[in-house]
Each structure stands twice: as structure tokens, then as C-alpha cells.
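**Q** Per the numbering used here, the sequence shown starts with residue 280, numbered consecutively.
The structure that follows is given in the form of C-alpha cells.
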Amino acid sequence: RMNIGQILESYLAFSARRLVFKKVIDSYFSSELIELSSLFSRPKAELAVLNKVMKAYLTKKKIKTAEEAHRRLTQLDFSVILSQSGLKYDELEIKVLTPIFAGCKHLDLIKIMSDAGIDHEAHNGRFTLYDGKTGEKFKDPISVGIIYMLKLDHMVDDKIYARSVGPYSKITQQPLGGKCQNGGQRFGEMEVWAMEAYGAAYNLRELLTLKSDDIQARNMIYYSVIKGQALPTPGISESFKLLVKKLQALGLKVNIRYGAKKELIGFDEYLTKRVQNSEYLQSL
């Protein structure tokens, strides 16, 4: 997946590499090649070897002027020259800084392509490529460039993790997050949407209540398993109780319709009656 800025940067780097080729040729014929050590951040001794190899190669090709060298030499010739000099492409480079959201613009790219001797109007940054196996030409021109890739080291062995029991947050009573804290698996919005899409209602209810912050039901599960009874119906989660406390702190009274008559009682009174009617708590 690439955005427009990355495509422009790939053309920019390609132009910068071609600009190195052009700069080396021009500097050789003006007898200033060795003076480019500061531009390329290379020792003068290395550029002296490059100058010597360039002289031998151009003599062999019978090239006498810079114009003729630009016309006849290809990137492949430059690769051979660098190889014979003991250098690599990445060791002779012009670095370009492209700040985030203020990087390479279209007009800047056209200028540097022109400076590098690339006709942007002829192929618009795309080139004709050939199949290496068959030698056949690809139907459409293809974008060619150089892009800096930052490799991120993400190993599954470092990330995979599961727990059966572990610590809970003191306030929300939800399992702690993160492998380093022996926390639970994170189940966020997108995971909830996925469960909803599959219609896995009971699994979703279990994840968001019994396995999360419903303290009473969490304890009742163990009781039900020991007694061989059906799993309990989820109660009220601690996060909802926390929400009610925040509403009460704002001066809002929260009432619950309770019983067959649906009479209004306070939330704290409802919690007390719920505990009193719990078969599990009565058996303790």
C-alpha cells in the first residue's frame, strides 16, 4: 500500500541516483572528481581510485567528452565502473531530506529530474521493462524508483500470549492489559464488530461480562461448574457501576424498576436486593 507522497519520493531517490552518475561524469571531465569527497562523504583515496578506473573505462570506450559520455554510457556502465573501483551504489549517494507533510512537490521533482538528465515528459517516471525469463516486453510502462524501507521487527513469538487467570484492575475490575502485566487479551471495538458480524451473541456476552468485570457472575461460574449447574446469567458489570457513580457525582439520581410491580428503587438498594436474592451468595 503506497500513498502519493511515497511514489514521489521513489522518483526523487531515482533522480538523485542518476544525478550522482551525471555529477561523477561532469566532475571527471572538469578534473574535480576527487574534490567531491565532501559531497559523497567518502575519503579522497577512494575517489582517486574511481577517477583512475573512469579514465581506463572511457579510454576503452573511446569517449573523449562529457556530452558523449552522457549520451553513450548507461546505468549498467556506471555499475561496472563502481564495481571495478570497489564501491557500491549506496556508498556514492546524494541524501535528500523530505519532511513529513512538506516533502517533495511535483515541480521540485520535475526540476531534479531535469538536472539528472531524465526526460519527465517522455515517460512520466515510468519505464519499459522486459521479462527476465522470456525477454518479452511488458504491456504497460512501469514505475521505477528507489524507496527507503524501514523494516519493523515484529516477531509472533514475542507477541503471542494467553492467560487463564491473573490480576484485575482495582477500579474497573477488568483484567489488566499487556503481556508484561500478565494481563488479559484485548477485546476492542473492531473485535466486537467481528463477533457481531458472525452473530456470536453468547460468546460476545461471555467476553464482555463473565470474563471481564462482572465480579458476582465471575465467582458464580466456579460455583456452577463445581455443582454441575447451568452457567449464571450475567449481572451488572463494575464499569456500569462506575458510570452510575459518576452520574451521581454530577447530581443525577439513577433509579431502577424492580420486581413484578416495576416499582422505582435507588440503584444502591437494587444492588443490595440483588445480593440478597442470589442463590450463590446465600450458600456461602
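No residue lacks a Cβ here, since even glycine has one placed at the ideal position from N, Cα and C.
Give me the residue from E475, S358 and K449 with the minimum Cα distance to G467.
**A** E475
**Q** Mapping the DSSP letters down to three states, classify S317 as helix, strand or coil.
**A** helix
**Q** Kindly indicate which three-state DSSP category G284 falls into: helix, strand or coil?
**A** helix
**Q** Within 10 angstroms of the Cβ of P454, are there 16 or more other Cβ atoms? Answer buried if so, exposed if not.
**A** buried
**Q** According to DSSP, simplified to helix, strand and coil, what is E311?
**A** coil
**Q** By the 10 Å Cβ neighbour count, where 16 or more other Cβ atoms means buried, how is L543 classified, buried or exposed?
**A** exposed
**Q** So, at 8 Å on beta carbons, what are the nonlocal neighbours of F308 in its own chain, with the 5 sequence-adjacent residues on each side left out?
**A** T344, A345 and A348
**Q** Relative to the alpha-carbon of D410, which residue among P420, N403 and G404 has its alpha-carbon at the smallest distance?
**A** With distances taken between CA atoms, D410 lies nearest to P420 out of P420, N403 and G404.
**Q** Give the secondary structure of S562 by DSSP, where H, G and I count as helix, E and B as strand, and everything else as coil.
**A** Unreliable positioning characterises S562 in this predicted model, as indicated by a pLDDT of 48, which lies under 50. The coordinate reading is nonetheless provided below. S562 falls in the coil class under three-state DSSP.
**Q** Curious, which full-length alpha helix (DSSP H) runs of at least 4 residues does the region 455 to 532 contain?
**A** 468 to 476, 480 to 484, 494 to 506 and 517 to 528
**Q** Any contact between the region 483 to 494 and the region 513 to 520? By contact I mean 3 or more CB pairs, one from each, below 8 Å.
**A** yes
**Q** Just reading off the beta strand (DSSP E) that F336 is part of, what are its end residues?
**A** The sequence given here has Tyr at residue 336, not Phe. Careful: Y336 lies outside any beta strand (DSSP E), inside the alpha helix (DSSP H) at K323 to K340.
**Q** In whole angstroms, give me the CA-to-CA distance for I439 and Q285.
**A** Approximately 32 Å, taken between the alpha carbons.
**Q** Report all residues from its chain with a CB closer than 6 Å to the CB of K340; omit the five preceding and five following residues, and keep chain order.
**A** none
**Q** Could you give the distance in angstroms between the alpha-carbon of Y559 and the alpha-carbon of N482?
**A** Note that Y559 scores 47 on pLDDT, short of 50, meaning its location in the model is unreliable; the coordinates nonetheless yield the value given after this. Whole-angstrom Cα-Cα distance: 23 Å.
**Q** How would you call C459, buried or exposed, if buried means at least 16 neighbouring beta carbons within 10 angstroms?
**A** It counts as exposed.
**Q** Secondary structure at E372, three-state DSSP: helix, strand or coil?
**A** coil
**Q** Taking E346 as part of the alpha helix (DSSP H), name the residues at either end of that continuous run.
**A** A345 to R351
**Q** Compute the Euclidean distance between the alpha carbons of A327 and L312, then round it to the nearest angstrom.
**A** 8 Å
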